[in-house]
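Engineer: The structure that follows is given in the form of structure tokens.
Numbering (my numbering), first residue to last: 50 to 393.
And the structure:
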């Protein structure tokens, strides 16, 4: 949480002060991470009402997206032993989106990775490298094809599959916040900066830049309190997945939380991080994971085919951007002094 807070403070430093507009910021903890929503509008009361509504919307989604809460749809579904379950509209929509992106990426993004996540225990006191036999057994339950969407909010999991929507949950919540802000009365929310964990959402105008765009930093994987690049965006989400976010070390080797569904091990593709800039935060969330698993060459080809704006940072200190980046934001490279090359 300290790393997230530091990143947020730096982000706010990049965007500057609120200017002449009224503003209100709500800080809260949800989905196991620190979150903040800053809303700018014509009056402080209106900005506060909109920001608090955003916080409530995120909190309301937690029972729909959590797999650990015993009162959640996912918990019931994961413990249904293959029987059909009826879930809420939000849960069904999130599962539907997860399956869509799993199909699009050929399984590089897969929402059935829960058995592997639990086995490795990354970010817990039990983090360790499992035996190969344990990994092989867990993989028999992994595969998005085991998710059956039957319509009318009916879902079935086959072959012992376990759903984990953590790979798109914060993106899904960011999109819900975007939708809520768009419904506010005129002038109540002329701009907003949304940070749900590592998902940054920018809405409307940035008052500190005379109604211009928001400036979001792309972190240095070796010191994520500093930036290697910035992107100027509006009405878009900036999402990063990296090997420095959650990991442990054993026998001198780092093991991070982004798993390759084919091997059952943390993806070893020569990448340190992938950032995706997209108006749809759910899509951006899923794509960062998928592109990290694909690796640089396959990831760049996939982005070109699907018009995805992405920034790749490699372990040999190269930074690559896709052609779609220029169409959605203004990208500025800052990594030369840290030994990085802008490999365009």
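Glycine included, C-beta positions come from ideal geometry on N, C-alpha and C.
What you are looking at is a predicted structure, and each value in this text was computed from that prediction instead of being measured.
Does the separation of the CB atoms of residue 165 and residue 144 fall below 9 Å?
Structural biologist: Position 116 of the chain shown, counted from the first residue, corresponds to residue 165. Position 95 of the chain shown, counted from the first residue, corresponds to residue 144. No. Outside cutoff.
Engineer: Going by the CB atoms, is the gap between residue 240 and residue 89 shorter than 9 Å?
Structural biologist: Reading the chain shown from its first residue, position 40 is the one you call residue 89. Reading the chain shown from its first residue, position 191 is the one you call residue 240. In contact: residue 89 and residue 240 (Cβ atoms closer than 9 Å).
Engineer: Kindly indicate which three-state DSSP category residue 325 falls into: helix, strand or coil?
Structural biologist: Within the chain shown, the letter at position 276 stands for residue 325. Of the three classes helix, strand and coil, the one that applies to residue 325 here is strand, per DSSP.
Engineer: So what's residue 362 in DSSP terms, helix, strand or just coil?
Structural biologist: Position 313 of the chain shown, counted from the start, is the residue given in the question as residue 362. Note: residue 362 maps to strand in three-state DSSP.
Engineer: For the ligand HEM, is there any heavy atom lying closer than 8 Å to the beta carbon of residue 187?
Structural biologist: This structure lacks the ligand HEM; in fact it carries no ligand of any kind.
Engineer: Between residue 242 and residue 112, what straight-line distance do the alpha-carbon atoms span, to the nearest angstrom?
Structural biologist: For the purposes of this step, residue 242 is taken as the residue at position 193 of the chain shown. For the purposes of this step, residue 112 is taken as the residue at position 63 of the chain shown. Their backbone Cα atoms lie some 24 Å apart in a straight line.
Engineer: Please classify residue 321 as buried or exposed, where buried requires at least 16 other C-beta atoms within 10 Å of its C-beta.
Structural biologist: Taking the first residue of the chain shown as position 1, residue 321 is located at position 272. With 16 or more Cβ atoms within 10 Å of its Cβ, residue 321 is classed as buried.
Engineer: In the DSSP assignment, find the unbroken beta strand (DSSP E) run with residue 166 in it and report its ends.
Structural biologist: As a first step, residue 166 must be located in the chain shown, where it is residue number 117. Here residue 166 belongs to no beta strand (DSSP E); instead the alpha helix (DSSP H) covers 163 to 169.
Engineer: Nearest CA to the CA of residue 282: which residue from 138, 200 and 249?
Structural biologist: The residue you call residue 282 lines up with position 233 of the chain shown. It is 249.
Engineer: Between residue 277 and residue 384, how many whole angstroms is the CB-CB distance? I'm expecting something under 8 Å.
Structural biologist: Here residue 277 refers to the residue found at position 228 when the chain shown is read from its first residue. Here residue 384 refers to the residue found at position 335 when the chain shown is read from its first residue. Confirmed, about 4 Å.
Engineer: Residue 232 lies in the beta strand (DSSP E); which residues open and close that run?
Structural biologist: Looking up residue 232 in the chain shown gives position 183. Where residue 232 is concerned, there is no enclosing beta strand (DSSP E), given that its DSSP letter is neither H nor E.
Engineer: Can you give me the Cβ contacts of residue 67 inside the same chain, cut-off strictly under 7 Å, excluding the 5 residues immediately before and after it?
Structural biologist: Working through the chain shown from its first residue, we reach residue 67 at position 18. Any reading at residue 67 needs caution, since the residue's pLDDT is 48, under 50, leaving its predicted position unreliable; the model's value is listed next. So the qualifying residues of the chain are 89, 256 and 257.
Engineer: Taking Cβ to Cβ, would you say residue 209 is nearer than 9 Å to residue 160?
Structural biologist: Stepping through the chain shown from its first residue, residue 209 is reached at position 160. Stepping through the chain shown from its first residue, residue 160 is reached at position 111. Not a contact, by the Cβ cut-off of 9 Å.
Engineer: Quick check on DSSP: helix, strand or coil for residue 184?
Structural biologist: Within the chain shown, the letter at position 135 stands for residue 184. Residue 184: helix per DSSP, three-state reduction.
Engineer: Kindly indicate the opening and closing residues of the beta strand (DSSP E) around residue 288.
Structural biologist: Counting from one through the chain shown, the residue named residue 288 turns up at place 239. Its beta strand (DSSP E) spans residues 285 to 291.
Engineer: Mind checking which residues open and close the alpha helix (DSSP H) that includes residue 393?
Structural biologist: Numbered from its first residue, the chain shown carries residue 393 at position 344. Element bounds for residue 393: n/a, residue is neither H nor E.
Engineer: If we count the other Cβ atoms within 10 Å of its Cβ and call it buried at 16 or more, is residue 280 buried or exposed?
Structural biologist: For this step, residue 280 is matched to residue 231 along the chain shown. Classification for residue 280: buried.
Engineer: Give the DSSP bridge partners of residue 297, in chain order.
Structural biologist: One-based indexing of the chain shown puts residue 297 at position 248. Per DSSP, 304.
Engineer: Count the other C-beta atoms from every protein chain shown that fall within 10 angstroms of the C-beta of residue 302, then say buried if there are 16 or more, exposed otherwise.
Structural biologist: For the purposes of this step, residue 302 is identified with residue 253 of the chain shown, where counting begins at 1. Result: exposed.
Engineer: Please report how far the alpha carbon of residue 315 lies from the alpha carbon of residue 309, in whole angstroms.
Structural biologist: Residue numbering aside, residue 315 sits at position 266 when the chain shown is read from its first letter. Residue numbering aside, residue 309 sits at position 260 when the chain shown is read from its first letter. Each residue's alpha carbon lies about 6 Å from the other.
Engineer: At the level of alpha carbons, what is the spacing between residue 4 and residue 346?
Structural biologist: In the structure as shown, the chain starts at 50 and stops at 393, and residue 4 therefore has no counterpart that could be examined.
Engineer: Just to confirm the assignment, what range does the alpha helix (DSSP H) spanning residue 100 have?
Structural biologist: In the chain shown, residue 100 corresponds to position 51, counting from 1. Its alpha helix (DSSP H) spans residues 93 to 114.
Engineer: Go ahead and pull the three-state DSSP assignment for residue 378.
Structural biologist: Counted from its first residue, the chain shown places residue 378 at position 329. Coil.
Engineer: Residue 353 to residue 251, Cα distance in whole Å?
Structural biologist: The residue you call residue 353 lines up with position 304 of the chain shown. The residue you call residue 251 lines up with position 202 of the chain shown. Between residue 353 and residue 251, the C-alpha separation is close to 24 Å.
Engineer: What's the gap between the Cα of residue 245 and the Cα of residue 288?
Structural biologist: Sequence index remark: in the chain shown, residue 245 carries index 196 (1-based). Sequence index remark: in the chain shown, residue 288 carries index 239 (1-based). About 10 Å.
Engineer: Using only CA atoms, which one of 79, 213 and 377 lies nearest to residue 147?
Structural biologist: Taking the first residue of the chain shown as position 1, residue 147 is located at position 98. Here the closest residue by C-alpha is 213.
Engineer: For residue 219, which residues from the same chain have a beta carbon less than 7 Å from its beta carbon, with the 5 sequence-adjacent residues on both sides left out?
Structural biologist: For the purposes of this step, residue 219 is identified with residue 170 of the chain shown, where counting begins at 1. Closer than 7 Å at the Cβ level, and outside the excluded window around residue 219, lie 80, 245, 246, 248 and 334.
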